[in-house]
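This report refers to the structure that appears directly beneath it.
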Amino acid sequence: CCFWFICSVPSIECDMRAGKINLSEFIVKCPANCRETKEKVYGTGVFASISSICNAAIHSGVITNSGGKVIVMKMAGQAIYKGSFANGVRSLSLPNWRESFSVSGSTIIHFLSWLSFYSHLVFVDCKVDIAFLMDGSWSIGKRRFKIQKDFLVEVSQVINVGVAGAMMGIIQYGDDPVTEFSLKQFSSSKDLKPAISKIVQKGGLSNVGKALSYINKHFFSDANGNRGGAPNVAVVLVDGWPTDKVEEASRLARESGINIFFVTIEGPDENEKQNVVETNFVDKAVCRTNGYFSLPITSWFALRNAVQPLVKSVCDTDRLVCSKTCLNANDIAFVIDGSSSVGTGNFRTVLQFVANVTQEFEISDTDTRVGIVQYTYEQRLEFAFGQHNNKADLLNAIKRINYWSGGTSTGAAITFAADQLFSKSKPNKRKIMIVITDGRSYDDVRAPALAVHRKGVIAYSIGIAWAAQDELEYIATDPDRDHSFFVDEFDNLYNYVPKIIHNICNDYREYNYI
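The sequence shown lines up with residues 238 to 751 when you count with our numbering.
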């Protein structure tokens, strides 16, 4: 295995000072002929951090004037730095400085120390569909563009790309976004590595807003390999700041269930903020403003430090809260009256209503799951949460439910649903119960309804024909006007599908699920 920070070392100019790189230890590649630039060096052996890295390395004999790789180690400032002449470089004396550094060559010992530094980079299970938006603008320059590619190579190796894990695509943006490769184009980390290395910088501005709009409309599609059951993640790499506005495009992407992360490298300082097109652009773009979805990097040379924290964040699917919408984050239990008063024809109408409501949700084991209980005096679990994990199978299962016929014990049915369905609900799912009945219950509904309310179940009641209004209100979550409905005829059930969906999504916002 070859780590990018060893095999593809970032190049620097002769005038690069150690103090400009905010890392305690790093490796860089110096160009040839730095000695002729006469960039200043202060000290001997241990140098003040205002010294040229490359000329300090020549002075120490770590490299020649032909250039080469240099390992830099920071240390505390010294009270005095003594100048000397060595290897054609005159170093100067300095009374004191706040930070020092030493230089060394790329020996096997240093290689092992760097390998130890990266030993925590383990391959992780990470089932997400992830798009990296890489900055191809002219402001980034060729060398930093290369660092960006090396970073993406390292990420691709750590997340262990494959159909059972993460699928990764890359969009390069400048004036306009361009898909370098889609989610389905490569199914292994091994294949991704050379593909990333071959990406050519496009140039242009840094139109991040346009790129976010592009991925929302075009990238996360079935045709491009979007798997549906895996969370959608977009990681934006940006040098400095965007040249267009990101707020509206980001809002639309989040509403589509895309988790937006920002990695900003060398963001604007206080003097530069007046040049930014949109203030607080990161907070306006990311999934949440709690710091989890943003990684500010002070220097391009520090970008490699973001590999592990970024991978850890994007792979923790329980914290990818923008994946969760009112349509894909539920466990919904339909509790259906199968009593004799309903009749076979009307029961089929109820099942079609249930199918119409279900049709509106995103169905999979990681999205919305549906379970159904039919009841008379007794109760029957037609199917449990997760038993049918795609929409076609679920809709077919609903159609196959047989009418039971009997009495009406709605209270016992609610308790049965709590025991058989909601007790097995996933902790990151919103629990919803929809009770459909056409008459007064032979048993008490108040205590069972109160019990499920206390367990966090949001209850809707739909009464038809002879249903008792007081029982519908007991069953329903407050306020009743949003959760309890009465229909005079079975055929009018269909009219309430949009209202039910609308109120479920309103509840999603009201109960702080977003």
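Glycine included, every Cβ here is placed at the ideal spot set by N, Cα and C.
DSSP bridge partner residues for TYR697 (one or two, in chain order): In the sequence shown, residue 697 corresponds to position 460, counting from 1. ILE671, per the DSSP bridge assignment.
Those runs of the alpha helix (DSSP H) which lie wholly inside the stretch 484 to 515 and span at least 4 residues: Here the runs fully enclosed are 484 to 492.
Other residues of its chain near SER213: CB distance less than 6 Å, five sequence neighbours each side excluded: Outside the modelled stretch of the chain, which goes from 238 to 751, sits residue 213, for which no answer is possible.
Inter-residue spacing [alpha-carbon to alpha-carbon] between PHE622 and PHE538: The residue you call residue 622 lines up with position 385 of the sequence shown. The residue you call residue 538 lines up with position 301 of the sequence shown. Between the alpha carbons of PHE622 and PHE538 lies a distance of about 49 Å.
Closest by C-alpha distance to GLY406, when choosing among ALA654, SER458, LEU564 and GLN422: Against the sequence shown, residue 406 aligns to sequence position 169. It is GLN422 whose Cα lies nearest to the Cα of GLY406.
Inter-stretch contact (C-beta, 8 Å, three-pair minimum) for the stretch 267 to 287 and the stretch 544 to 554: No contact exists between the stretch 267 to 287 and the stretch 544 to 554.
Helix, strand or coil at TYR711 [DSSP, three-state]: For the purposes of this step, residue 711 is taken as residue 474 along the sequence shown, with counting starting at 1. Helix, per DSSP.
Inter-residue spacing [alpha-carbon to alpha-carbon] between ALA316 and ALA323: Position 79 of the sequence shown, counting from 1, holds the residue named residue 316. Position 86 of the sequence shown, counting from 1, holds the residue named residue 323. Their backbone Cα atoms lie some 22 Å apart in a straight line.
Beta-carbon gap between PHE499 and PHE456 smaller than 8 Å: Within the sequence shown, numbered from 1, the residue matching residue 499 stands at position 262. Within the sequence shown, numbered from 1, the residue matching residue 456 stands at position 219. In this structure, the beta-carbon distance from PHE499 to PHE456 does not fall below 8 Å.
Beta bridge counterpart(s) of ASP372 as assigned by DSSP: Along the sequence shown, one-based indexing puts residue 372 at 135. DSSP, once it has assigned bridges, lists TYR410 as partnering ASP372.
Endpoints, the beta strand (DSSP E) within which ILE264 is located: Here residue 264 refers to the residue found at position 27 when the sequence shown is read from its first residue. Under the DSSP assignment, ILE264 falls in the beta strand (DSSP E) whose first and last residues are 262 to 267.
Cβ neighbours of ALA702 in the same chain (closer than 6 Å, five flanking residues each side left out): One-based indexing of the sequence shown puts residue 702 at position 465. ASP675, listed in sequence order.
C-alpha distance - GLY256 paired with PRO479, whole-angstrom precision: Here residue 256 is taken as the residue at index 19 of the sequence shown, counted from 1. Here residue 479 is taken as the residue at index 242 of the sequence shown, counted from 1. Linking GLY256 to PRO479 through their CA atoms gives a straight-line distance of about 27 Å.
Where ARG617 falls: helix, strand or coil (DSSP): Position 380 of the sequence shown, counting from 1, holds the residue named residue 617. Strand at ARG617.
ILE600 (DSSP reduced to helix, strand or coil): Position 363 of the sequence shown, counting from 1, holds the residue named residue 600. Looking at ILE600 - three-state DSSP - the assignment turns out to be strand.
DSSP beta-bridge partners of ASN469: Position 232 of the sequence shown, counting from 1, holds the residue named residue 469. Here ASN469 is bridged, per DSSP, to ASP366 and ILE495.
Residue from GLY466, LEU389 and ARG556 with nearest C-alpha to ALA401: Your numbering for residue 401 matches position 164 in the sequence shown. If we check each option's Cα against that of ALA401, GLY466 comes out closest.
LYS666 classed as buried or exposed, judged by whether at least 16 other C-beta atoms fall within 10 angstroms: Here the question's residue 666 lines up with position 429 in the sequence shown. LYS666 should be labelled buried.
Runs of beta strand (DSSP E) wholly within the stretch 622 to 696 (minimum 3 residues, chain order): Here the runs fully enclosed are 667 to 674.
Bounding residues of the beta strand (DSSP E) (the contiguous stretch that carries PHE284): Along the sequence shown, read from residue 1 onward, the residue named residue 284 stands at position 47. From DSSP, the beta strand (DSSP E) with PHE284 extends over 283 to 285.
ARG718 - containing alpha helix (DSSP H), residue span: In the sequence shown, the residue the question calls residue 718 occupies position 481. Residues 717 to 720.
Option in VAL470, VAL390 and VAL475 with minimal Cα separation from ILE433: Residue numbering aside, residue 433 sits at position 196 when the sequence shown is read from its first letter. With distances taken between Cα atoms, ILE433 lies closest to VAL390.
Nearest residue (CA-CA) to ASP387, options VAL398, MET371 and ASN397: Residue numbering aside, residue 387 sits at position 150 when the sequence shown is read from its first letter. MET371 is the residue among VAL398, MET371 and ASN397 whose C-alpha sits nearest the C-alpha of ASP387.
Same chain, Cβ closer than 8 Å to LYS521, five either side skipped, listed in chain order: Translated into the one-based positions of the sequence shown, residue 521 becomes position 284. Within the same chain, and ignoring the five residues on either side of LYS521 in sequence, the residues whose Cβ sits closer than 8 Å to its Cβ are VAL483, GLU484, SER487 and GLU515.
Alpha-carbon to alpha-carbon, THR714 and PHE722: For the purposes of this step, residue 722 is taken as residue 485 along the sequence shown, with counting starting at 1. For the purposes of this step, residue 714 is taken as residue 477 along the sequence shown, with counting starting at 1. Taking the straight line from one Cα to the other gives about 12 Å.
Any 3 or more C-beta pairs closer than 8 Å across the stretch 649 to 664 and the stretch 555 to 572: In this structure the stretch 649 to 664 lies against the stretch 555 to 572, because at least three pairs of beta carbons, one per stretch, are closer than 8 Å.
Buried/exposed call for ASN444, threshold 16 Cβ in 10 Å: Within the sequence shown, the letter at position 207 stands for residue 444. Counting Cβ neighbours within 10 Å, ASN444 comes out buried, since at least 16 surround it.
Cross-strand partners of SER416 (DSSP beta bridge): Counted from its first residue, the sequence shown places residue 416 at position 179. The sequence given here places Thr at residue 416; Ser does not occur at that position. Per DSSP, ILE408.
Residues near PHE263 by beta carbon distance below 7 Å, same chain, minus five either side: What you label residue 263 is simply residue 26 of the sequence shown in a count that begins at 1. Non-local C-beta neighbours of PHE263 in its own chain, meaning closer than 7 Å and more than five positions away in sequence, comprise VAL309 and PHE538, ordered along the chain.
Nonlocal neighbours in the same chain, by C-beta distance under 8 Å from ALA269, ignoring five residues either side: Reading the sequence shown from its first residue, position 32 is the one you call residue 269. The beta carbon of ALA269 sits closer than 8 Å to the beta carbons of ASN302, SER303 and GLY304 from its chain, once the five residues preceding and following it are set aside; these are given in chain order.
Three or more C-beta pairs below 8 Å linking the stretch 722 to 735 and the stretch 586 to 601: The answer is yes - the stretch 586 to 601 touches the stretch 722 to 735, with three or more Cβ pairs under 8 Å.
Limits of the unbroken alpha helix (DSSP H) element including TYR451: Your numbering for residue 451 matches position 214 in the sequence shown. Per DSSP, TYR451 is one residue of the alpha helix (DSSP H) stretching across 445 to 451.
Three-state class that DSSP yields for ILE433 in the structure shown: Along the sequence shown, read from residue 1 onward, the residue named residue 433 stands at position 196. Per DSSP, reduced to three states, the secondary structure at ILE433 is helical.
As assigned by DSSP and simplified to three states, the class of GLU276: As a first step, residue 276 is located in the sequence shown; it is residue number 39 there, counting from the start. DSSP places GLU276 in coil when its eight states are reduced to three.
Buried/exposed call for ALA696, threshold 16 Cβ in 10 Å: Indexing the sequence shown from 1 puts residue 696 at position 459. Flag for ALA696 reads buried.
Rounded Cβ spacing between VAL642 and SER577 (contact assumed at less than 8 Å): For the purposes of this step, residue 642 is taken as the residue at position 405 of the sequence shown. For the purposes of this step, residue 577 is taken as the residue at position 340 of the sequence shown. It should be pointed out that residue 642 corresponds to Ser in this sequence rather than to Val. Their Cβ separation, rounded to whole angstroms, is 5 Å, which keeps SER642 and SER577 in contact under 8 Å.
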